[in-house]
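First the structure, in the form of structure tokens, and then the observations on it.
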Amino acid sequence: MHIPENYLSPSTCAVATVAMVPIWATAVRKVRESVPREKMPLLGVAAAFCFLSMMFNIPLPGGTTGHAVCGTLIAILFGPWSAVIAVSIALAIQAVFFGDGGILALGANCLNMAFVLPFVGYAVYGWLKGHLGGERGEVLAAGIGSYVGLNAAALCAALEFGIQPLLFTDAAGNALYCPYPISVAVPAMLLGHLTVAGLAEAGFTMGILSFLRNTVPSFGIEGKESDDKAVPALALVGALIAATPLGLLATGDAWGEWGLEDLAQMVGYEPAGMATGWEWNSLMPDYAIGSLPEWIGYILSAVIGAALLIIIFRLLAGMAKPEVNFD
Amino acid sequence: MCEPQDYAPLPDRDGFVTRSILSMSSVLARLRLDDGAETRLSPSAPAKLVGTIVLIMLTSLARNYLFVLIMLAAVLVRAAFLPRHALARTAATASAAALVALVLMLPAALLGQPRSAITLATKALVTTGLAMEVALTTPSAQLTGALRAFLVPNVVILTVDLALRSIVRLGEAALEVLTALQLRSVGRNTNKQGSMGGVGGVVLVKAARAAQDTSDAMRCRGFEGSYDLQATWRPRLSDALWASMLVAVIALFIVLQRQV
């Protein structure tokens, strides 16, 4: 679901980024008001879960792949505004360091995965939790919420892909950017996400949430304990890092994430805007290092990404003013 | 006493005293000797110092970018578990070093070699991060003592050791005198500038006294300024783990260097 560079026109990217600016600003204000300073490192661990879950590629019908996001999980644990910040930073690290998702398309990717996904997922979770009740009901509500949230995000991404050939074509009528119209993009994206990827998202969310509720009940905004009690959560991060090469079992690209040559073979021409577009040279493109085995690059990327997220959120906690009540 | 009193202090210029206090406090905060904290898994200071210098050299010499990335991952994981203040200082210093390296290499990037700029910046980040992590997780007295492992002369170690301690002790004394001056100047004091000379004088007298006290203390304890590493260094289990990790890293370095 990571929209790569040049699949969307620069103006679409600009609109999405401008739309995200007030959302990011509100999220920063809300997180500063609602998340205690000592809970910020835990938010970093949750963002690491999100980063790692996005590395597990799952084969989808039609020969493409998909992945979980775990945005709803962070929304459940720390609130939807915290999920906006956590998923946005995870997406930025993926784009800058690993070339997963475009730099120009970061605003659009954040709109889909850091805003639509956690808010829709959290709303469905909140509504269902009230009706189902109980601990198992909460986990089930989280699963269904994350399933709906992921599909809502996939629908948004498909619409962003689909409006490109409607708005941007050359004199010959060929698309300048993503060549697939809404009638192709929406069914293609939703087929995979309604079946396999959505279930994977629900499985990830329910599994991690049950684990955390049983081993670290204080993990989340409501618990009173600080980050030194998060050892089981860090152990789970370690286990996920070790298991990331499983994401390599799924061969093929995700829908809408093909290279330019592959796309040209599929549609019969190179969209002009994509061929001449700007591209960022990331540190480890596609989580790979030169000619070395892919699994080494995958594990190394997982370690670097997870450690970076924990460091960033611990530094943010240090920058936050301590709350002192003089009354 | 029941009458309300309108007291408005006369305008007074005491900005330089406040600035002196603030700069002194910030220097002291950076030099606090109790900053380093050891954990159960920490190797002894000499082992840590030798190992870190080897790792810094290997990172600098590496031609294979994978080795630099592996070291980057190790530095980041260690940094993620540092105490908050140590993490903030490590992140600030290491990212500043990487930024300077990136700016220095900007011409290379503009001439079509962005890879070398990124490699050098990553190396600067890793080596500075390694040095900061060791400095901030080892008590500085142990760190200066560990310099004996590199056959640094005793007199150099003693000088460094005493200088570090004196800066903190005398800094605290200067801070007290400055605070006293500020308190005495409540209201209007036109003679503050003249008192600044007194601050320096008091610190100098205290320094002379402290030097005499140190000399007496050394004589009482039978310490004549020689740091005997063999007498004080007790190898730990963590040293063996650290050494085996170091051997593995050197082996990895050799293997990866051959692949270039």
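Protein sequences, first through last, are from chains W and Y.
Quick note: to get this note's numbering, add 299 to the position in the first sequence (first position is 1).
Quick note: to get this note's numbering, add 778 to the position in the second sequence (first position is 1).
Heads up, the beta-carbon is just placed ideally off N, CA and C, and yes, glycines get one too.
As the structure is a computational prediction, the values presented were derived from the model and not from experiment.
(message) Within a Cβ cutoff of 7 Å, which residues of the same chain sit near VAL515 (chain W), ignoring the five residues on either side of it in sequence?
(response) To locate residue 515 (chain W), count along the first sequence from 1; it is residue 216. Within the same chain, VAL515 (chain W) has close Cβ partners LYS528, ALA529, PRO531 and ALA532.
(request) Have a look at W:ASP561, W:CYS312 and W:TRP554 and flag the residue whose alpha-carbon is nearest the alpha-carbon of HIS492 (chain W). (result) To locate residue 492 (chain W), count along the first sequence from 1; it is residue 193. With distances taken between Cα atoms, HIS492 (chain W) lies closest to W:TRP554.
(request) Measure the beta-carbon distance from LEU599 (chain W) to LEU839 (chain Y) and round it to whole angstroms, keeping in mind my assumption that it falls under 8 Å. (result) As a working mapping, residue 599 (chain W) is identified with position 300 in the first sequence. As a working mapping, residue 839 (chain Y) is identified with position 61 in the second sequence. Between LEU839 (chain Y) and LEU599 (chain W) the Cβ distance is about 20 Å, and since that is not below 8 Å, they are no contact.
(request) Report the three-state DSSP secondary structure of THR905 (chain Y) (helix, strand or coil). (result) To locate residue 905 (chain Y), count along the second sequence from 1; it is residue 127. The three-state reading of DSSP puts THR905 (chain Y) in helix, counting H, G and I together.
(message) Tell me the DSSP secondary structure of VAL795 (chain Y) in three-state form.
(response) Locating residue 795 (chain Y) in the second sequence gives position 17, where the first residue counts as 1. Residue state, collapsed to three classes: helix.
(request) Check whether the Cβ of TYR843 (chain Y) lies closer than 9 Å to any Cβ atom in chain W. (result) In the second sequence, the residue the question calls residue 843 (chain Y) occupies position 65. Contact with chain W is found for TYR843 (chain Y), since one of that chain's Cβ atoms lies less than 9 Å from the residue's Cβ.
(message) Is the separation between the beta-carbon of ASP585 (chain W) and that of GLY398 (chain W) shorter than 9 Å?
(response) Looking up residue 585 (chain W) in the first sequence gives position 286. Looking up residue 398 (chain W) in the first sequence gives position 99. Yes. Within cutoff.
(message) To the nearest angstrom, how far is the alpha carbon of VAL395 (chain W) from that of GLU578 (chain W)?
(response) Taking the first residue of the first sequence as position 1, residue 395 (chain W) is located at position 96. Taking the first residue of the first sequence as position 1, residue 578 (chain W) is located at position 279. If you take the alpha carbons of VAL395 (chain W) and GLU578 (chain W), they lie about 11 Å apart.
(message) Looking at GLY370 (chain W): is its Cβ nearer than 9 Å to the Cβ of VAL344 (chain W)?
(response) What you label residue 370 (chain W) is simply residue 71 of the first sequence in a count that begins at 1. What you label residue 344 (chain W) is simply residue 45 of the first sequence in a count that begins at 1. No.
(request) Select from W:ALA499, W:GLU434, W:LEU508 and W:PRO417 the residue whose C-alpha is nearest the C-alpha of ALA451 (chain W). (result) Residue numbering aside, residue 451 (chain W) sits at position 152 when the first sequence is read from its first letter. The shortest Cα separation from ALA451 (chain W) among W:ALA499, W:GLU434, W:LEU508 and W:PRO417 belongs to W:PRO417.
(request) Could you please tell me which residues of the stretch 852 to 879 of chain Y, in chain order, have their CB closer than 7 Å to any CB of chain W? (result) LEU854, VAL855, ALA857, ALA858, ARG862, LEU865, ALA866 and ALA869
(message) So for ILE595 (chain W), helix, strand or coil by DSSP?
(response) In the first sequence, the residue the question calls residue 595 (chain W) occupies position 296. ILE595 (chain W): helix per DSSP, three-state reduction.
(request) Could you tell me whether the Cβ atoms of ALA851 (chain Y) and GLU911 (chain Y) are closer together than 9 Å? (result) Translated into the one-based positions of the second sequence, residue 851 (chain Y) becomes position 73. Translated into the one-based positions of the second sequence, residue 911 (chain Y) becomes position 133. For ALA851 (chain Y) and GLU911 (chain Y), no; Cβs fall outside 9 Å.
(message) Closest to GLY448 (chain W) by C-alpha separation, out of W:LEU475, W:THR363 and W:PHE414, would be which residue?
(response) In the first sequence, the residue the question calls residue 448 (chain W) occupies position 149. Here the closest residue by C-alpha is W:PHE414.
(message) Run through the DSSP bridge pairs and tell me what ILE357 (chain W) is partnered with.
(response) The residue labelled residue 357 (chain W) in the question sits at position 58 within the first sequence. Looking at the DSSP assignment, ILE357 (chain W) forms a beta bridge with W:GLY365.
(message) Output needed for LEU1007 (chain Y): all residues of its chain with C-beta closer than 8 Å, excluding positions within five of it in sequence on either side, in chain order.
(response) Numbered from 1 along the second sequence, position 229 holds the residue referred to as residue 1007 (chain Y). Hits under 8 Å: PRO824, GLY923, ALA924, ARG926 and ALA927.
(message) Relative to the C-alpha of ARG987 (chain Y), which candidate in Y:PHE794, Y:LEU948 and Y:THR968 has its C-alpha closest?
(response) Numbered from its first residue, the second sequence carries residue 987 (chain Y) at position 209. Nearest option by C-alpha distance: Y:LEU948.
(message) Counting only beta-carbon separations shorter than 9 Å, does ASN580 (chain W) have a partner in chain Y?
(response) Within the first sequence, numbered from 1, the residue matching residue 580 (chain W) stands at position 281. By this cut-off, ASN580 (chain W) is an interface position.
(message) Suppose the cutoff is 6 Å on Cβ atoms and the five residues either side in sequence are ignored; what does the same chain contact list for SER352 (chain W) look like?
(response) One-based indexing of the first sequence puts residue 352 (chain W) at position 53. Result list for SER352 (chain W): ALA367, CYS369 and PHE503, in chain order.
(message) Distance check for ALA864 (chain Y) and LEU811 (chain Y), CA to CA, integer angstroms please.
(response) As a position in the second sequence, residue 811 (chain Y) is number 33, starting the count at 1. As a position in the second sequence, residue 864 (chain Y) is number 86, starting the count at 1. Here the model assigns LEU811 (chain Y) a pLDDT of 48, short of 50, so the residue's position is not dependable and the matter cannot be decided.
(message) Between which residues of its own chain and LEU1019 (chain Y) is the CB-CB distance below 6 Å, once the five residues before and five after are set aside?
(response) Taking the first residue of the second sequence as 1, we reach residue 1019 (chain Y) at position 241. Same-chain partners within the cutoff: there are none.
(message) Output needed for ARG331 (chain W): all residues of its chain with C-beta closer than 8 Å, excluding positions within five of it in sequence on either side, in chain order.
(response) The sequence position of residue 331 (chain W) within the first sequence is 32, counting from 1. ALA619, listed in sequence order.
(request) Reducing DSSP to helix, strand and coil, say where THR468 (chain W) ends up. (result) Residue 468 (chain W) sits at position 169 when you count from the first residue of the first sequence. THR468 (chain W): strand per DSSP, three-state reduction.
(request) Please decide whether LEU850 (chain Y) counts as near chain W, where near means a Cβ-Cβ distance under 9 Å. (result) For the purposes of this step, residue 850 (chain Y) is taken as the residue at position 72 of the second sequence. LEU850 (chain Y) counts as touching chain W.
(request) Starting from the Cα of PRO480 (chain W), find the closest Cα among W:GLY589, W:SER381, W:GLU459 and W:THR325 and give me that residue. (result) Looking up residue 480 (chain W) in the first sequence gives position 181. Checking every option, the nearest Cα to that of PRO480 (chain W) belongs to W:GLU459.
(message) Is THR915 (chain Y) close to chain W? Criterion is C-beta to C-beta, closer than 9 Å.
(response) For the purposes of this step, residue 915 (chain Y) is identified with residue 137 of the second sequence, where counting begins at 1. It does not; no Cβ of chain W falls within 9 Å.
(message) Using 9 Å as the threshold, is the C-beta distance between GLY420 (chain W) and GLY444 (chain W) below it?
(response) Residue 420 (chain W) sits at position 121 when you count from the first residue of the first sequence. Residue 444 (chain W) sits at position 145 when you count from the first residue of the first sequence. With respect to GLY444 (chain W), GLY420 (chain W) sits close: the two C-beta atoms are nearer than 9 Å.
(message) How far does the alpha helix (DSSP H) with GLY398 (chain W) in it extend, from its first residue to its last?
(response) Residue mapping note: residue 398 (chain W) aligns to position 99 of the first sequence, counting from 1. For GLY398 (chain W), there is no enclosing alpha helix (DSSP H), since its DSSP letter is neither H nor E.
(message) Contact criterion: CB-CB distance below 9 Å. Does MET354 (chain W) meet it with respect to chain Y?
(response) Taking the first sequence and counting its residues from 1, one reaches residue 354 (chain W) at position 55. No, no contact with chain Y.
(message) Applying the 10 Å Cβ sphere with the 16-neighbour rule, what's the burial state of PRO303 (chain W)?
(response) If you number the first sequence from 1, residue 303 (chain W) lands on position 4. It counts as buried.
(request) Please check the pair GLY461 (chain W) and ALA484 (chain W), which I expect to be a contact at CB under 8 Å, by giving their CB distance rounded to whole angstroms. (result) Reading the first sequence from its first residue, position 162 is the one you call residue 461 (chain W). Reading the first sequence from its first residue, position 185 is the one you call residue 484 (chain W). That belief holds up - the Cβ atoms of GLY461 (chain W) and ALA484 (chain W) are roughly 4 Å apart, short of 8 Å.
(request) Sort Y:MET849, Y:LEU860, Y:PHE1001 and Y:SER798 by Cα distance to LYS970 (chain Y) and report the nearest one. (result) Against the second sequence, residue 970 (chain Y) aligns to sequence position 192. The shortest C-alpha separation from LYS970 (chain Y) is found at Y:SER798.
(request) Label GLY324 (chain W) either buried or exposed according to how many other C-beta atoms from any shown protein chain fall within 10 Å of its C-beta, with 16 as the threshold for buried. (result) If you number the first sequence from 1, residue 324 (chain W) lands on position 25. As written in the sequence, residue 324 (chain W) is Ala, which differs from the Gly given in the question. Exposed, by the Cβ-count rule.
(request) Taking all protein chains shown into account, decide if VAL795 (chain Y) is buried (16 or more other Cβ within 10 angstroms of its Cβ) or exposed. (result) Your numbering for residue 795 (chain Y) matches position 17 in the second sequence. It counts as buried.
(message) If distances are taken between C-alpha atoms only, which option among Y:LEU921, Y:SER973 and Y:ILE945 comes closest to LEU827 (chain Y)?
(response) Position 49 of the second sequence, counted from the first residue, corresponds to residue 827 (chain Y). Checking every option, the nearest Cα to that of LEU827 (chain Y) belongs to Y:LEU921.
(message) Among Y:ARG1012, Y:ARG966 and Y:PHE1001, whose alpha-carbon lies nearest the alpha-carbon of TYR785 (chain Y)?
(response) As a working mapping, residue 785 (chain Y) is identified with position 7 in the second sequence. Minimum Cα distance to TYR785 (chain Y) is reached at Y:ARG966.
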